[in-house]
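Residue numbers (my numbering), protein chains in the order written: chain D, 40 to 381; chain W, 40 to 381. Where a beta carbon is used, it is the ideal one built from N, C-alpha and C, also for glycine. These numbers come from a predicted model, not from an experiment.
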DNA sequence: ATGAAAGCGCTAACAG
DNA sequence: CTGTTAGCGCTTTCAT
């Protein structure tokens, strides 16, 4: 491009090339019905003039904005950022631009954003980790929508999600296989992904005939915002774990929590992994930054994003079976062994 | 809203309300010239129909898209994410939507994005930390543009930037005041922000009559992507620092580097901060996650974003002095003392 | 192979 | 206070 002028229209190109706007349009969109000569002539004028089509007009006319809205709780969260970045990139490759909206998990903001996106006539929506209830009838079926990491319900949605339950099994069974005495530290949450991991932990322990499972679980009263705060409850829990029979292995419901566990252990003079093993979940930077580095269950954000975009683009082009498409697509997770476990 | 229908136009509203489209338009935009009764009547119909204006048409007609493009190297970077998030939020409050583009520091991608943004007829541009040279004549003066964290040149730009030089002085003088023997660990970069910090370090040492300044500087051959890799060079540098006279104080050019220094020290069995003080720059999570937590110079991303958005919105509305506006707006930084320094 | 003309949904004169 | 009308820049029949 090099010299884009935004105030030049197809009309100017047509006039200067000595052809009609229809012909210019055909050449721009390469829809045929023009001679090679006119094509060259027009393209030359386009370049000279620095003409670029007005997407606003194109969209208005063609009823396709070639843009999608991405609703995300917080772009500052590493995990969401990775997904959003990949989505944006993939969509751009497919000629869609993304309008990214930080909802802060506020239903008021979410509604306002949804309104704005509808007014922009976005062709599709990717909604990440929104559990907000009456997320307005707006999007429902009116516009192709993909959910990432959302509790499945019978509302005819298409949901992409990591295999949280399987990941929870993976983590717990790894502890079991190392002959560790398993504990779980979680956060108080209603998030479906967390809940699935917890369920897996319990199921695995039940299967291993371990009794009194609830006493092995600590539910921290924190959000991801204040996770660094010192936590006496946690210290006590770890002390108990250490003094109970066997070498304890703690499953931190996510890497942040696992990190807190390690920090607590450090404070208490407990050696990780020798006296205490710790396994996390997510595979965020935290797992690498911590010392020791945290063994963790990694979510594949790139694949999550890829599946979401593929499905969305598919929904957008397949004007047919819009209603039909629903269900859950699960993306596998995998264990990465680092330094925090024996 | 609750029931947005995207296929209903102002015409439908007009027909059903029994008024003209002009009147409906006036009521929607509250531009006066209508009676209270018609207003109520029309608003009722609007609600019933679930009508929402088509921004595409509005933009096309009014020559204002009410959208801005944000070019950012990598939304996954915590520092950029914070800025982008705040910008997006502020712009949304002012009724602008943001199209966020991850350039990956690739000039090819940057050009493609710029092209797309121009075609979308964005009203303004926020370009974060792009040092890419011929960043195309496109944006230049054709469209209001704000740069965040860019090397000032005489190209008539409006640049918002943290006070990196002052921050560098702050960090170095803090070490000096604690009677520490100052060292600097930096990354090989051409980034103007880094360079300003280095310049400050040197100036402060010069002022303190310290000789042989260059021998006190280590330039690591890393990018932010592989910062966690073990670095023998760094270990050696720290050993030297420790064995030289006085208690060393290392200025890590950013929190990542400071973190690496601490990690190296840990490996070498050197106690931070007793045997070695470390100060960082940026105020990212790293500085809190590390143990000990890193004393650091904090950049105020919220203010950076606020100034950028204010300036941009100002440029957009002030159609007048578009050319005139240029210069550098510096945002203060501040020292936050944590655990890594005596 | 090319052009004329209608119209996407909206705003803004202008006229009344 | 309200309606008519002319476009914004583009795509798309329908002619030729």
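Item to check | Inter-residue spacing [alpha-carbon to alpha-carbon] between residue 182 (chain D) and residue 354 (chain D) | outcome: Sequence index remark: in the first chain, residue 182 (chain D) carries index 143 (1-based). Sequence index remark: in the first chain, residue 354 (chain D) carries index 315 (1-based). In a straight line, the C-alpha of residue 182 (chain D) is about 9 Å away from that of residue 354 (chain D).
Next on the checklist: Pairs of beta-carbons, one from the region 147-162 of chain D and one from the region 83-96 of chain D, closer than 8 Å: are there three or more?
Outcome noted: no
Item to check | Selected residue, minimal CA-CA separation from residue 298 (chain W), among W:60, W:252, W:330 | outcome: On the second chain, residue 298 (chain W) is found 259 positions in, with the first residue counted as 1. When each option's Cα is compared against that of residue 298 (chain W), the closest is W:330.
Next on the checklist: Measuring alpha carbon to alpha carbon, tell me which residue in D:344, D:352, D:224 is nearest residue 133 (chain D).
Outcome noted: Counted from its first residue, the first chain places residue 133 (chain D) at position 94. If we check each option's Cα against that of residue 133 (chain D), D:352 comes out closest.
Next on the checklist: According to DSSP, residue 321 (chain D) sits in a beta bridge with which residue or residues?
Outcome noted: As a working mapping, residue 321 (chain D) is identified with position 282 in the first chain. BP columns for residue 321 (chain D) point to D:337.
Item to check | Where residue 184 (chain W) falls: helix, strand or coil (DSSP) | outcome: Mapped onto the second chain, residue 184 (chain W) falls at position 145. Three-state DSSP puts residue 184 (chain W) in a strand.
Checklist entry - When we look at the beta-carbon of residue 102 (chain W) and count the other beta-carbons within 10 Å, is it buried (16 or more) or exposed? => result Mapped onto the second chain, residue 102 (chain W) falls at position 63. The C-beta of residue 102 (chain W) has fewer than 16 other C-beta atoms within 10 Å across all chains shown, which makes the residue exposed.
Next on the checklist: Which residues in chain W have a C-beta closer than 7 Å to the C-beta of residue 114 (chain D)? List them in chain order.
Outcome noted: Locating residue 114 (chain D) in the first chain gives position 75, counting from the first residue. Neighbours of residue 114 (chain D) on chain W, chain order: 114, 120, 123, 124.
Item to check | 7 Å CB neighbourhood of residue 365 (chain W) in its chain, flanking five on each side removed | outcome: In the second chain, counting from the first residue as 1, residue 365 (chain W) sits at position 326. Excluding sequence neighbours, residue 365 (chain W) sits near 195, 196, 197.
Checklist entry - In the region 149-172 of chain D, which residues sit with their C-beta less than 9 Å from some C-beta in chain W, listed in chain order? => result 150, 151, 152, 153, 154, 155, 156, 157, 158, 159, 160
Checklist entry - According to DSSP, is residue 290 (chain W) helix, strand or coil? => result Here residue 290 (chain W) refers to the residue found at position 251 of the second chain. Residue state, collapsed to three classes: strand.
Checklist entry - Can you give the Cα-Cα distance for residue 249 (chain D) and residue 221 (chain D), rounded to whole angstroms? => result Within the first chain, residue 249 (chain D) is the residue found at index 210, counting from 1. Within the first chain, residue 221 (chain D) is the residue found at index 182, counting from 1. Distance between the alpha carbons of residue 249 (chain D) and residue 221 (chain D): 9 Å.
Item to check | Residue environment, residue 376 (chain W), which counts as buried when at least 16 other CB atoms sit within 10 Å | outcome: The sequence position of residue 376 (chain W) within the second chain is 337, counting from 1. By the neighbour-count rule (16 or more Cβ atoms within 10 Å), residue 376 (chain W) is not buried but exposed.
Checklist entry - Interface residues of chain W around residue 92 (chain D) at Cβ under 8 Å? => result By 1-based counting over the first chain, the position of residue 92 (chain D) is 53. Those within 8 Å of residue 92 (chain D) in chain W are 158.
Checklist entry - Are the C-beta of residue 40 (chain D) and some C-beta of chain W separated by less than 7 Å? => result Numbered from 1 along the first chain, position 1 holds the residue referred to as residue 40 (chain D). Per-residue confidence for residue 40 (chain D) stands at a pLDDT of 44, beneath the threshold of 50, marking its modelled position as unreliable; no derived number is given.
Checklist entry - Ordered along the chain, which non-local residues of its own chain (more than five positions away) have a Cβ less than 6 Å from that of residue 207 (chain D)? => result Position 168 of the first chain, counted from the first residue, corresponds to residue 207 (chain D). The residues are 236, 239, 240.
Checklist entry - What residues from chain D crowd round residue 205 (chain W), counting only those whose CB sits closer than 8 Å? => result For the purposes of this step, residue 205 (chain W) is taken as residue 166 along the second chain, with counting starting at 1. Near residue 205 (chain W) there are no residues of chain D at all, since even the closest Cβ is about 26 Å away, more than 8 Å.
Checklist entry - Identify the residues that DSSP records as bridge partners of residue 221 (chain W): which are they? => result Here residue 221 (chain W) refers to the residue found at position 182 when the second chain is read from its first residue. According to DSSP, residue 221 (chain W) bridges with W:288.
Checklist entry - Run through DSSP, which three-state label would residue 381 (chain D) get? => result Taking the first chain and counting its residues from 1, the one referred to as residue 381 (chain D) is at position 342. In the structure shown, residue 381 (chain D) sits in coil (DSSP, three-state: anything other than H, G, I, E or B).
Checklist entry - residue 122 (chain W): which of W:339, W:374, W:62, W:140 sits nearest, CA to CA? => result Taking the second chain and counting its residues from 1, one reaches residue 122 (chain W) at position 83. It is W:339 whose Cα lies nearest to the Cα of residue 122 (chain W).
Item to check | Length at least 4, wholly inside the region 103-178 of chain W: the alpha helix (DSSP H) runs in chain order | outcome: 117-132, 146-158
Item to check | Interface positions of the region 286-297 of chain W facing chain D (Cβ-Cβ less than 9 Å), listed along the chain | outcome: none
Checklist entry - So, do the region 43-53 of chain W and the region 336-350 of chain D have three or more beta carbon pairs nearer to each other than 8 Å? => result no
Next on the checklist: Between W:149, W:116, W:165, which has its C-alpha nearest residue 129 (chain W)'s C-alpha?
Outcome noted: Mapped onto the second chain, residue 129 (chain W) falls at position 90. Considering only alpha carbons, the answer is W:165.
Checklist entry - Which residues of chain W have a Cβ atom closer than 7 Å to the Cβ of residue 96 (chain D), listed in chain order? => result Translated into the one-based positions of the first chain, residue 96 (chain D) becomes position 57. Neighbours of residue 96 (chain D) on chain W, chain order: 99.
Item to check | Where the region 125-140 of chain D meets chain W: residues whose CB sits under 8 Å from a CB there | outcome: 127, 128, 131, 136, 137, 138, 139, 140
Item to check | Residue-level contact to chain W via CB, residue 320 (chain D), 7 Å cutoff | outcome: For the purposes of this step, residue 320 (chain D) is taken as the residue at position 281 of the first chain. Not one chain W Cβ lies under 7 Å of residue 320 (chain D).
Item to check | As assigned by DSSP and simplified to three states, the class of residue 376 (chain D) | outcome: Looking up residue 376 (chain D) in the first chain gives position 337. Residue state, collapsed to three classes: coil.
Checklist entry - Which of helix, strand or coil does DSSP assign to residue 257 (chain W)? => result On the second chain, position 218 is the one that residue 257 (chain W) refers to. Strand, per DSSP.
Checklist entry - What's the gap between the Cα of residue 243 (chain D) and the Cα of residue 374 (chain D)? => result By one-based count along the first chain, residue 243 (chain D) stands at place 204. By one-based count along the first chain, residue 374 (chain D) stands at place 335. For residue 243 (chain D) and residue 374 (chain D), the distance between alpha carbons rounds to 16 Å.
Checklist entry - Taking the C-alpha atoms as reference points, what is the distance between residue 184 (chain D) and residue 104 (chain W)? => result Residue mapping note: residue 184 (chain D) aligns to position 145 of the first chain, counting from 1. Residue mapping note: residue 104 (chain W) aligns to position 65 of the second chain, counting from 1. Near 24 Å, if we compare the C-alpha coordinates of residue 104 (chain W) and residue 184 (chain D).
Item to check | Among W:209, W:229, W:225, W:219, nearest to residue 188 (chain W) - alpha-carbon criterion | outcome: Residue mapping note: residue 188 (chain W) aligns to position 149 of the second chain, counting from 1. With distances taken between Cα atoms, residue 188 (chain W) lies closest to W:229.
Checklist entry - Going by the CB atoms, is the gap between residue 303 (chain W) and residue 273 (chain W) shorter than 7 Å? => result For the purposes of this step, residue 273 (chain W) is taken as the residue at position 234 of the second chain. For the purposes of this step, residue 303 (chain W) is taken as the residue at position 264 of the second chain. Closer than 7 Å, so yes.
Checklist entry - Terminal residues of the continuous alpha helix (DSSP H) containing residue 309 (chain D)? => result As a first step, residue 309 (chain D) is located in the first chain; it is residue number 270 there, counting from the start. Element bounds for residue 309 (chain D): n/a, residue is neither H nor E.
Checklist entry - Cβ of residue 328 (chain D) less than 7 Å from any chain W Cβ? => result On the first chain, residue 328 (chain D) is found 289 positions in, with the first residue counted as 1. Yes, because at least one Cβ of chain W sits closer than 7 Å to the Cβ of residue 328 (chain D).
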